[in-house]
Structures are given as C-alpha cells and as structure tokens.
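Residue numbering for the sequence shown follows the UniProt record's numbering, starting at 1 and increasing by one per position.
In this text, a Cβ means the ideal position worked out from N, Cα and C, and glycines have one as well.
One structure below.
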Amino acid sequence: MSEEVYQSREERKKAVKTREGQQKSRKFPLKGPLLKKVVIVCLVLGLVSAGLGTITFASMVKSTPELDASKLVDPLSTKFYDKDGNFIYEYGKEKRTKISYDQIPKVLEDAFIATEDSRFYDHHGIDIKRTAKAIFVNVTGDFGSQGGSTITQQVIKNSFLTPQKTLKRKVQEWDLAYQLEQKYSKQEILMMYLNKINLGNRSYGVAAAAKNYYGLEANELKKLTLAQAAMLAGLPQSPNNFDPSKPENKEAATNRRNLVLSLMHRHGFITEKQMEKASKVPITEGLVPKSERQGMPYEAFLDAAVKEIKRKLKDVDVSTDGLSIYTTLDPKAQAYADKMMNTGEIIAYPNENFQGAFVFLDTKTGEVRAIGSGRNDYQADFLGYNLAVDINRQPGSTFKPIFDYGPAIENLKWSTGHMINDQKTTYSTGQQISNWDHQYHGMITIRNALQNSYNIPALLTLREVGLDKAKSFAEQLGITFKNDQVYESYSIGSNTVSPLAMAGAYSAFGNGGVYNKPHFVQKVVLADGTTVNFAEQPKRVMQDYTAYMVTDMLRSVVTDGTGKAANVPGLDVAGKTGTTNFDAQTLAKYGYPNSATNDSWFAGYTPQYTMAVWTGYAQNGPGNYLAGDSSKIAQLMFKAMMQSFGTDSSNFQQPSSVYEVNNELYIKGVASAEVPPKKEEKKLKKEEKKPKKQEKKLKKEEEKHRKKEEKHRKKEEKHRKKEEEKKQNHG
C-alpha cells in the first residue's frame with residue numbers, strides 16, 4: 001500500500017475525517033469481525049495446532065478488563081520516603097504536560113507515525129499485516145520476541161495491561177484496541193499516546209520531553225527542527241539508551257535518530273535531501289546543558305533504588321503504578337556526599353576529569369545510607385548509568401582479604417602470625433609477579449604482608465587455599481565472577497567489581513561474619529496496599545574468628561600500613577587500600593610516568609558504617625592518571641564521611657574463639673607452628689582463669705561497697721537519733 005503525502009495539517013485532518021466517516025458508515029460490530037480476522041490469522045499460522053482454537057481465543061477475550069476512560073488520562077505518580085519514613089519526592093507528577101492535537105507540529109506527528117505505526121490512519125486499532133508477521137516470528141521463536149503493536153495498542157498496553165508477554169495478554173490488547181478505536185477519534189488516540197509516552201530524562205509526553213531536552217515550552221513546539229523531532233520519535237523504543245544528553249549514549253542516539261529519518265523518507269514524509277541534511281546535525285545540538293536542567297533530589301540514590309525494585313518486581317512500572325517506596329536513604333549523609341563529590345570544599349580534586357564513586361552503608365544491616373556516583377558529566381542520571389552500582393573496575397589489593405587471607409583463616413585455620421616466604425615467584429603460567437616496591441622480604445607474617453600490601457604473599461596464600469575454596473568464600477560475600485571463572489591473578493585483584501559489591505563484602509567482616517546484601521529499599525507498598533519487603537535474611541558466611549582476625553589485620557593497615565590517611569581518631573577503623581597499574585603500552589601512548597596509577601580504592605568499616613570508594617578516570621587521556629596525593633583521595637573521602645557521620649565509638653569485640661599471643665591472634669583449639677603447644681595450653685588456661693579472677697575481684701569490690709554503705713547508713717542513723725534527742729531536750 002502506497003503512503004499518502006500531506007502538504008499541510010489541514011489536508012491531513014480532512015483526510016482523517018473522511019476515513020473516520022467511512023469507518024462509521026461501515027458499522028462494524030464491536031467484536032465479531034475483529035475476532036474473525038484475528039482467528040483466521042492465528043489459524044493460518046498454526047496456533048490451532050498448538051491447542052489454541054476459536055473457543056480458547058474467545059475465552060481470553062471474555063476476561064478482558066473494562067475500557068476505563070479514567071485510566072487513559074494520567075497515570076499514578078510514585079512517592080519516595082527516606083529511612084525514617086519521611087516523604088522526600090514524588091516521581092512523575094511534575095514531568096507531565098498535557099497538550100492538544102493542534103499544538104503538535106506536523107514534523108513531530110510524522111516522525112512518530114513513521115517510526116511507531118506507519119498505517120495508523122488506515123487500521124482500526126490492529127495492523128493485521130504487521131500482526132501476522134509478528135505472530136509468525138513468535139510462533140517460530142519465543143512468544144513476545146517480535147512486536148507488532150500499533151499506537152492504539154501501545155495506549156492500551158500502557159494504560160490497562162501488565163507488561164507480561166503472553167498470548168492471553170496480547171489477545172486482550174487486540175480487543176481493547178479495537179474498542180478504543182470505536183469510541184475515540186484518531187486524533188484523540190494519538191494524543192493519549194503522545195501525552196503519556198515515556199521519553200526518558202523523567203519526561204512523560206512530548207511536551208515535557210521538548211522542555212527537558214530542548215528548553216521549549218508547550219506553545220513553542222513548532223520550533224522543533226526535523227532532526228530534533230526525529231530524535232524524540234526514536235526514544236520510546238529505549239528511552240534510557242537513546243537519551244542523547246548522556247555522554248555514553250551519543251553514538252546510539254545518533255544512529256537511532258538517523259533510522260527515524262530514514263523511515264520518514266521511506267514513508268514519504270520527507271525528501272531524501274531533507275533526510276541527508278538532518279542526519280548530519282550533531283545529536284547534541286540544541287540540548288539544554290545538564291547544569292541547567294531541573295534535577296530531582298538525591299537523583300543517584302533514587303536511581304539505584306528504582307533499579308533494585310525493577311530487578312525484584314519485574315512487572316511494576318515505577319512511573320505509572322502509584323507506588324510508595326520506603327528507601328534506606330539518610331538525607332543528611334547523601335547531601336554531604338553530593339557536596340563532597342561535586343565541590344572542592346571537602347576534597348581538593350586534581351582536575352575536572354577526576355572521577356570517584358562510593359557506597360556508604362550500615363555495617364549491621366546492609367542498608368545503604370548514601371552513595372557517590374561520579375563527578376561533573378558522569379553524575380548519575382535517573383535510570384541512567386550509575387558509577388556507584390554499575391561501574392566494574394579492578395579492585396587491586398582491596399580484594400586480598402576477600403580472596404586470599406579471609407579464605408586462609410576460614411579454611412586453613414591460619415593465625416595472623418602465620419609465616420609466608422616472600423621470595424621470587426611466578427604465576428603458574430610462568431609470568432613473574434612482583435611486589436609494589438620490587439623487593440623481597442623473606443619470612444613475614446600474613447599480617448605484615450597485608451599491612452604493607454605485598455603481592456607475592458597474597459598469591460602464595462591463594463595457592464595454599466585453592467582457587468575453588470577462595471571462589472566459594474568470595475561468592476558468599478556477594479562477589480560474582482565473569483563467566484564463573486577465577487584465576488591466580490585475582491589474588492591481587494585483577495578481576496572487576498563495583499563499589500556496591502565491595503561495600504557489601506567488607507561489611508560482613510565488620511558484622512562478625514554475617515552478610516547482609518546491600519540494599520536501597522526497605523519496602524514497597526503497591527497501589528492496592530500490598531507490601532513487599534526488600535531486606536533479605538542475614539546469612540552467616542564465615543566463622544566469627546575469621547571475621548575478627550581479618551578485621552584486626554585491617555586495623556593494622558590503617559594504623560601502621562598503607563591506609564594511614566583513612567584513620568579516624570576516636571573510631572575503631574579497619575580497611576584496605578588497593579591500586580592498579582597501567583600496562584606498558586598505555587604508559588608509552590600517553591606519556592604517563594612509570595609510577596602512574598589507573599585505579600585507587602579504599603574499602604573500610606567501623607562497627608557502625610562500611611564504605612567502599614573507587615577513584616580514577618573514566619577514560620585514558622593526557623593527564624588522566626593517579627600519582628602521589630591524588631592516589632590517596634579515596635582514603636580522604638572515606639575519612640570525611642566517617643568523621644561526619646560516625647557516632648559509634650565502640651570497638652570490635654574479640655570473640656571467645658580467639659586468643660592473643662605477642663600481638664597476634666590464634667584460633668582456640670588449633671595448634672599453630674608460631675605458638676608451641678605448651679605455650680598455647682598455658683595461654684588457654686590463663687585465658688580460662690581470667691573470668692574467674694574477674695568474678696572474684698568483682699565480688700570483693702561488691703562486698704567492700706556493701707560494707708561502706710552499711711557503715712554510712714549506721715552513721716546516718718546515729719546522727720538522726722542525736723537530732724531527735726536535742727529536739728526533745730529543747731522542748
């Protein structure tokens with residue numbers, strides 16, 4: 001069927017009215033012809049052979065929900081609350097601007113029609129040709145793998161039905177779409193779509209999108225250029241991935257915009273010359289600068305919260321379903337985090353390109369209180385890329401407690417004084433491994449090795465543990481591995497992780513070996529009052545002695561090792577630094593010094609809070625490396641947050657399963673080469689006597705206090721009697 005080309009809006013409106021008059025004169029029954037057509041298509045394509053005959057098809061239609069006009073207007077907004085149940089933001093309400101058909105410029109209408117439904121003005125809600133093609137693809141593949149929805153169907157889908165891709169839902173969608181076309185004009189249906197469609201950047205409807213992307217008010221839509229209209233029409237397929245305001249989307253957004261222009265040309269809406277000219281326009285031309293866009297409060301945190309909800313409640317639409325979301329957010333901590341990331345008032349950053357990301361959470365519960373999610377252009381957008389949860393970078397030596405020393409204590413029952421020979425060593429592949437100082441240190445304790453971040457002892461420890469046991473230990477802490485594979489180089493952190501995963505893993509050490517999955521949401525209350533709780537059950541993932549002994553070694557890192565800059569007076573801090581290096585090719589390409597660092601991490605905790613910080617650069621480039629003071633910024637960020645919000649000055653408590661000899665920790669009942677058995681036995685007996693001595697001392701002090709109180713009471717009684725005698729004599 002050839003496409004008609006309209007020279008003006010009035011010409012199009014007349015044609016539409018003529019068609020609608022023809023439709024009404026045909027007086028189609030409400031369901032009969034529709035069922036007949038669709039059933040024929042289904043029969044032809046083999047659906048009957050799959051057991052879906054006319055009777056089954058009709059029963060699906062029978063359970064179709066009513067065409068409720070109120071649901072065609074405005075969806076329900078979602079409300080967010082902080083950790084204490086205080087309201088913080090209503091999502092969706094302020095980003096919807098309703099406009100009329102006459103306010104839509106022809107170029108914008110043409111762009112959406114060409115892209116979403118080229119036969120919109122010719123069908124009665126269902127494009128039979130397009131649907132037949134989609135059914136054929138779905139029957140030969142997975143149902144739902146190929147779409148055939150018209151604009152009318154999309155209105156129905158967004159207003160009445162769940163996003164589940166089932167045949168029953170699709171049949172009900174067809175039925176409701178046909179009903180909608182019988183009740184409303186094409187212009188009314190088009191505006192239902194254009195006023196409600198999600199266009200990214202927290203924009204619902206074309207008017208809101210034009211305002212947010214190009215700064216145009218509802219009465220200025222006719223100023224939209226062909227290139228801009230095509231960009232907007234390309235967004236519905238994947239609003240987050242085609243949002244041109246995000247640097248990482250530039251190429252994808254350009255390709256999508258150009259595809260829309262190609263479709264407009266194919267369907268006769270624009271000439272080839274117009275298509276080619278618009279295709280050359282930079283995708284970012286005319287965009288409102290990010291700094292001038294109206295933001296939402298705590299945008300990065302709420303982004304992470306919504307992503308968590310989408311993973312658990314796949315059929316819920318946060319933008320339209322009227323949810324009440326109770327988050328774990330501490331507004332004061334998040335405000336401070338934002339200030340620290342995006343001003344120079346707390347941390348002196350080396351340049352504008354410097355990036356950082358962190359997760360700050362409750363050690364005992366796993367509830368995330370605040371996040372840092374990039375600086376400047378890399379600040380997280382709502383439903384965009386969020387460095388705190390989405391980035392994956394090599395953790396370097398921060399991975400050693402998780403993959404080497406933690407597993408060694410857990411599985412081999414090593415003490416913190418266990419000796420390792422730091423000597424010339426190679427990986428099993430024959431590749432040389434070296435320490436950061438290019439020295440060998442002979443026989444040293446694992447405490448010393450971790451404190452000074454030596455690599456060779458870490459590899460030797462991993463070999464003693466075994467890759468399988470190390471992998472299992474790390475996975476219990478929420479760490480995942482690409483392709484489910486692990487390698488010896490992971491002993492020094494050559495794998496990739498996110499700040500969120502690292503914070504979750506480290507918090508288990510600080511929580512006595514009990515892991516709580518990090519989470520941003522406490523609960524979600526659905527529009528019907530149903531409550532969905534998000535906190536998962538705590539899980540013991542290691543022995544209490546493993547958690548405490550690792551913690552004690554990490555204390556040494558902060559007090560006497562590589563993490564001194566993160567130490568906070570008055571708080572019991574444990575933590576680990578981590579850095580990664582550039583390869584020789586990158587050093588040479590950009591002229592970096594040999595000491596240049598690619599990534600710098602600090603992961604640490606107190607009994608109250610845990611924080612994992614990554615710093616570095618998003619891309620390699622001139623001057624984009626860490627060295628000297630800039631490599632310690634991760635530690636300074638940790639210290640700033642802990643100083644500002646760490647109110648618990650208590651210490652990590654040594655469990656009864658651990659005893660100490662010469663400042664090293666040992667597991668009770670386990671003979672260690674560093675402690676002769678007799679000495680260990682003597683130490684244990686001494687430890688056992690301690691409670692008895694303390695109890696005896698306490699009883700003695702209590703008796704002394706009792707006698708003192710009795711003496712004082714008698715003295716008071718004697719004084720009282722004398723006073724009474726004086727009064728009597730005076731009388």
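Comparing C-alpha positions only, which one of the options sits nearest to residue i?
{"i": "glutamate 475", "options": "Ala505, Ser498, Asn495, Ser556", "result": "Ala505"}
{"i": "tyrosine 89", "options": "Lys129, Tyr193, Leu329", "result": "Leu329"}
{"i": "leucine 412", "options": "Tyr214, Lys718, Ala671, Leu76", "result": "Ala671"}
{"i": "lysine 364", "options": "Asp102, Tyr609, Ala618", "result": "Tyr609"}
{"i": "asparagine 483", "options": "Ser489, Asn495, Arg169, Phe403", "result": "Asn495"}
{"i": "tyrosine 101", "options": "Lys170, Ser262, Leu190, Ala132", "result": "Leu190"}
{"i": "threonine 416", "options": "Tyr184, Thr551, Tyr487", "result": "Thr551"}
{"i": "phenylalanine 160", "options": "Gln172, Ser149, Leu167, Thr166", "result": "Gln172"}
{"i": "phenylalanine 473", "options": "Thr546, Thr429, Tyr427", "result": "Thr546"}
{"i": "glycine 623", "options": "Thr606, Pro331, Ser556, Pro593", "result": "Pro593"}
Counting along the chain, where does the alpha helix (DSSP H) carrying residue i start and finish?
{"i": "lysine 168", "result": "167-183"}
{"i": "alanine 253", "result": "250-266"}
{"i": "tyrosine 592", "result": "Premise fails: tyrosine 592 is in no alpha helix (DSSP H) and is neither H nor E."}
{"i": "leucine 459", "result": "455-465"}
{"i": "leucine 387", "result": "387-390"}
Run through DSSP, which three-state label would residue i get?
{"i": "serine 657", "result": "coil"}
{"i": "valine 288", "result": "coil"}
{"i": "threonine 647", "result": "coil"}
{"i": "residue 747", "result": "Nothing can be reported for residue 747: it is not among the residues displayed for the chain, which extend from 1 to 731."}
{"i": "glycine 372", "result": "strand"}
{"i": "glutamate 3", "result": "At glutamate 3 the pLDDT is 40, less than 50, meaning the model places this residue with poor confidence and gives no usable figure here."}
{"i": "methionine 637", "result": "helix"}
{"i": "serine 631", "result": "helix"}
{"i": "alanine 527", "result": "coil"}
{"i": "isoleucine 104", "result": "coil"}
{"i": "threonine 429", "result": "coil"}
{"i": "glutamate 717", "result": "helix"}
{"i": "asparagine 533", "result": "strand"}
{"i": "leucine 477", "result": "coil"}
{"i": "arginine 119", "result": "coil"}
{"i": "threonine 271", "result": "coil"}
{"i": "methionine 611", "result": "strand"}
{"i": "lysine 24", "result": "Low per-residue confidence applies at lysine 24: pLDDT is 43, beneath 50, and the placement is therefore not dependable, though the value from the model is reported in the following sentence. Lysine 24 falls in the helix class under three-state DSSP."}
{"i": "asparagine 195", "result": "coil"}
{"i": "tyrosine 349", "result": "coil"}
{"i": "threonine 577", "result": "strand"}
{"i": "arginine 202", "result": "coil"}
{"i": "tyrosine 89", "result": "strand"}
{"i": "serine 397", "result": "helix"}
{"i": "serine 415", "result": "coil"}
{"i": "glutamine 379", "result": "coil"}
{"i": "threonine 78", "result": "strand"}
{"i": "threonine 97", "result": "coil"}
{"i": "aspartate 330", "result": "coil"}
Would you please state the rounded distance, in angstroms, between the beta carbons of residue i and residue j? I believe it to be under 8 Å.
{"i": "isoleucine 156", "j": "leucine 180", "result": "6 Å"}
{"i": "isoleucine 433", "j": "threonine 445", "result": "The pair is not a contact, with the Cβ atoms about 20 Å apart (cut-off 8 Å)."}
{"i": "isoleucine 402", "j": "isoleucine 479", "result": "6 Å"}
For residue i, count the other beta carbons within 10 Å of its own beta carbon; 16 or more makes it buried, fewer makes it exposed. Which is it?
{"i": "phenylalanine 87", "result": "exposed"}
{"i": "lysine 721", "result": "exposed"}
{"i": "serine 145", "result": "The predicted model places serine 145 with a pLDDT of 37, which falls under 50 and marks its position as unreliable; any figure quoted below should be read in that light. Exposed: under 16 other Cβ atoms inside 10 Å."}
{"i": "glutamate 367", "result": "buried"}
{"i": "aspartate 338", "result": "buried"}
{"i": "glycine 51", "result": "A caution first: glycine 51 carries a pLDDT of 49, below 50, which makes its placement in the model too unreliable to give a value."}
{"i": "glutamate 717", "result": "exposed"}
{"i": "proline 244", "result": "buried"}
{"i": "histidine 265", "result": "buried"}
{"i": "alanine 627", "result": "exposed"}
{"i": "asparagine 620", "result": "exposed"}
{"i": "aspartate 583", "result": "exposed"}
{"i": "methionine 443", "result": "exposed"}
{"i": "aspartate 599", "result": "buried"}
Comparing the CB of residue i with every heavy atom of the ligand GDP, is any distance shorter than 7 Å?
{"i": "lysine 168", "result": "Among the components of this structure there are no ligands whatsoever, and the ligand GDP is therefore not found."}
Could you give the residue range of the beta strand (DSSP E) that holds residue i?
{"i": "asparagine 598", "result": "597-605"}
{"i": "threonine 445", "result": "442-445"}
{"i": "asparagine 421", "result": "419-422"}
{"i": "valine 359", "result": "354-362"}
{"i": "leucine 323", "result": "Here leucine 323 belongs to no beta strand (DSSP E), and DSSP marks it neither H nor E."}
For chain D, find out if any of its Cβ atoms is closer than 8 Å to the Cβ of residue i; answer yes or no.
{"i": "aspartate 362", "result": "This model lacks chain D altogether; it includes just one protein chain."}
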